[in-house]
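A quick write-up on the structure given underneath.
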Amino acid sequence: MLRAVLLALTLLLGACAGHTPVPTSSPALTAGLPISLQIERTQNSERRDWLLVIQAEGEALRWSLFDPLGVPLARQLLQGGEWRNDGLLPPNPEARELFAALLFALTADDALHAYPEGSWQRGADGQRRLNPDWRIRYRSALDFTLAAPQLSYRVRALNQEEGN
Numbered sequence: 088m089l090r091a092v093l094l095a096l097t098l099l100l101g102a103c104a105g106h107t108p109v110p111t112s113s114p115a116l117t118a119g120l121p122i123s124l125q126i127e128r129t130q131n132s133e134r135r136d137w138l139l140v141i142q143a144e145g146e147a148l149r150w151s152l153f154d155p156l157g158v159p160l161a162r163q164l165l166q167g168g169e170w171r172n173d174g175l176l177p178p179n180p181e182a183r184e185l186f187a188a189l190l191f192a193l194t195a196d197d198a199l200h201a202y203p204e205g206s207w208q209r210g211a212d213g214q215r216r217l218n219p220d221w222r223i224r225y226r227s228a229l230d231f232t233l234a235a236p237q238l239s240y241r242v243r244a245l246n247q248e249e250g251n
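First residue of the sequence shown? That's 88 in my numbering, and the numbers climb one at a time after it.
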């Protein structure tokens, strides 16, 4: 019985430790809202294209992910450092982790202090790392690659004027 309880606690702690951190309040971003992004997901040579719209909703940020046909894949609200489902879509843990990493990648340099100390690094070349495993390589503020083990996302502004 004790082993089962310890195993359950270990699994629970492991699951919590692997989540990408978010700040308790929305940080200043490198671009004004709303932001429309094209996301190219690559994993094991399989590629998928998505559209992401980020918009302000009062004190919250609304994240809406769509496939190329406009079918919603995930909708989340981030408010007070907590994610919650928005609408009737089932929870999408991959999208939630992607949104958290994207928020960090889109955070202005002078607002990175909103993230927990020790959870991120910024290199001299401007590239960033975020725990647990995210690496961000920038070409410009709205043209970058998010990489995690076995997975990458190429992110670009949908409207090229936003990227300049």
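Beta carbons are placed, not taken as given, at the ideal position from N, Cα and C, and that holds for glycine.
Closer than 8 Å: is that where the CB of Arg226 sits relative to any heavy atom of the ligand PLP?
-> As for the ligand PLP, it is missing from this structure, which has no ligand bound.
Should Thr232 be flagged as near chain B, meaning a C-beta pair shorter than 9 Å?
-> The chain labelled as chain B is not found in the depicted structure, where only one protein chain is given.
Taking the alpha carbon of Ala161 as the point to measure from, which residue in Ala244, Pro178, Val242 has its own alpha carbon closest?
-> Pro178
Which stretch, first to last residue, makes up the beta strand (DSSP E) that contains Leu165?
-> 159 to 166
Distance, Glu184 Cα to Pro108 Cα = Their backbone Cα atoms lie some 9 Å apart in a straight line.
Would a C-beta distance cut-off of 9 Å place Gly116 and Ala198 closer than the cut-off?
-> Note that residue 116 is Leu in the sequence shown, not Gly. Cβ distance < 9 Å, so Leu116 and Ala198 count as in contact.
Along the chain, where does the beta strand (DSSP E) that runs through Glu144 open and close?
-> Where Glu144 is concerned, the enclosing beta strand (DSSP E) starts and stops at 133 to 144.
Expressed to the nearest angstrom, what Euclidean distance is found between the alpha-carbon atoms of Pro219 and Ala188?
-> 10 Å
Would you kindly check if the distance between the Cβ of Leu139 and the Cβ of Trp150 is under 9 Å?
-> Contact: yes.
If you draw a straight line from the alpha carbon of Gln142 to that of Gly168, how long is it in whole angstroms?
-> Roughly 16 Å between the two C-alpha positions.
Exposed unless 16 or more other CB atoms sit within 10 angstroms - verdict on Ser113 | Buried, since its Cβ has 16 or more Cβ neighbours within 10 Å.
Three-way DSSP call (helix, strand, coil) for Asp197 in this model = helix
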